[in-house]
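Numbering (my numbering), first residue to last: 1 to 356. Using N, Cα and C, we set each Cβ at its ideal position, and we do this for glycine too. Every value quoted in this text rests on a predicted model; they were computed, and no experiment measured them.
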Amino acid sequence: MKVGLIGFSCSGKSTLFRSAVNTSSKSDVAAVSVPDTRFDDIVDKIKPKKVTPVSIIFHDDIEGFMSQPGKLISQRAIDHCKKVDLLLHVVRAFESSSVPYYDTVDPIRDAQKILEELILLDLQIIENRFDRMKKSPVPKKPGSSEYIEMNLFERLITPLSEGIPLRKLLQDGNIDDNELNILKNYQLLSLKPIIILFNVNESEINTPNPNITKYMENLSDQGITSFTLSACIEEEISNLDAEDQKEFLESLGIQEPAKKKVIKVIYDDLGLMTFYTAGEKETRAWPIRKGSNALKAASTIHTDIAKGFIRAEIIHYKDWENSLSWDEAVRENKMSLEGKEYLMQDGDLINIRCKS
Ligand SMILES: Nc1nc2c(ncn2[C@@H]2O[C@H](COP(=O)(O)OP(=O)(O)O)[C@@H](O)[C@H]2O)c(=O)[nH]1
Ligand SMILES: [Mg+2]
């Protein structure tokens, strides 16, 4: 799972990137572990030799938007957006005379500009493809994939021209699974989940500007989650040890760093949940799409395990929580034996019986 930070230059992307990945290195790609108290508890009890939490790969955008005069997004920035699964748009909402900006600070304008630009880029691709298909002399048999694609693209032009992102059309059930598979070939940007982070003045983290709050409600109606945070404060927090962090958060009147909340939402927006394999050699948390079955979980672990699948032993974390070990939970009848079609639940611990 790749997450790409996007936004105008000097909006605070790299500051946030450093605070999320806890590094001062110059690399623009880094893995971040997903905070998970259930996993911490499992590891605490099992004390395995190796611990592997779920991680998300963050990609900073070194260049930022508006790096070319007259062009909102450079080809490099477009390619950066295409290669990730979720866009994290950092919007400048802090004032600073020492940090230059391309224009006055106007967070709503910037957030809106980028949302519109992503739609326009998709519209161009879809219109071009539709025109080419329409002009092509090859007949398109009703029911063929070309036929479905041409009809789909024709249908998408109007809503995109009206500023409706593909993400919303999908959410509202206007794109079916078959059509979604076609769209996936085109790396369309308004189809990707997006989260907007308003990087506000340090004094405003608990009392954001009412215009921003109102706009955030508007975004929420469109199915877009947004947060206000201060990149500078996040960076300060990430440089403190656990004890000092707690004190600092209390002094700011906040419970947890924004980073934690944002990672949770990223995970949710990507449609993911977690299952665990709790071994003494290695205890690992695995991400899986919500609605996946036990066979999918097996293939996430290893294709050979999926091939030899016999049964899945499942104990849900809630049932496992008060047991000291897997064996004890089994003795207490907390384990169920499930087949390939069993629908995995967020928090399942799994052990797969398979032919080797
Ligand atoms: N006052 C203030 N300055 C910030 C904040 N976030 C970033 N900056 C400063 O803005 C400048 C640009 O930040 P950077 O993270 O490099 O922005 P990027 O171009 O979007 O990657 C740096 O000097 C940061 O210290 C903030 O929340 N408040
Ligand atoms: Mg940067």
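Residue i in three-state terms, based on DSSP
i, result
"Y101", "coil"
"D348", "strand"
"P287", "strand"
"E313", "strand"
"E256", "coil"
"C357", "Because the chain is modelled from 1 through 356, residue 357 falls outside the range shown and cannot be assessed."
"I56", "strand"
"K26", "coil"
"F94", "coil"
"L123", "helix"
"K50", "strand"
"K83", "coil"
"K318", "helix"
"K71", "strand"
Proximity below 8 Å, CB of residue i to CB of residue j
i, j, result
"V29", "T283", "no"
"P107", "F8", "no"
"Y267", "F39", "no"
"C10", "Y101", "yes"
"I175", "H89", "no"
"D103", "H80", "no"
"P165", "L118", "yes"
"I57", "K113", "no"
"L324", "K45", "yes"
"Y317", "G347", "yes"
"L121", "I6", "no"
"Q187", "K71", "no"
"T225", "D177", "no"
Beta-bridge partners of residue i, as assigned by DSSP
i, result
"H89", "I6, I196"
"R353", "R311"
"F275", "W286"
"L337", "E313"
"L343", "N293"
"A31", "I57"
"F65", "F8"
Taking 5 Å as the limit, name every residue whose beta carbon sits nearer than that to some heavy atom of ligand 2, in sequence order. K13, S14
Whole alpha helix (DSSP H) runs in the segment 125 to 195 with 4 or more residues, listed along the chain? 145 to 161, 166 to 171, 177 to 184
For the segment 191 to 246, list the beta strand (DSSP E) runs that are entirely contained and at least 3 residues long, ordered along the chain. 194 to 200, 225 to 229
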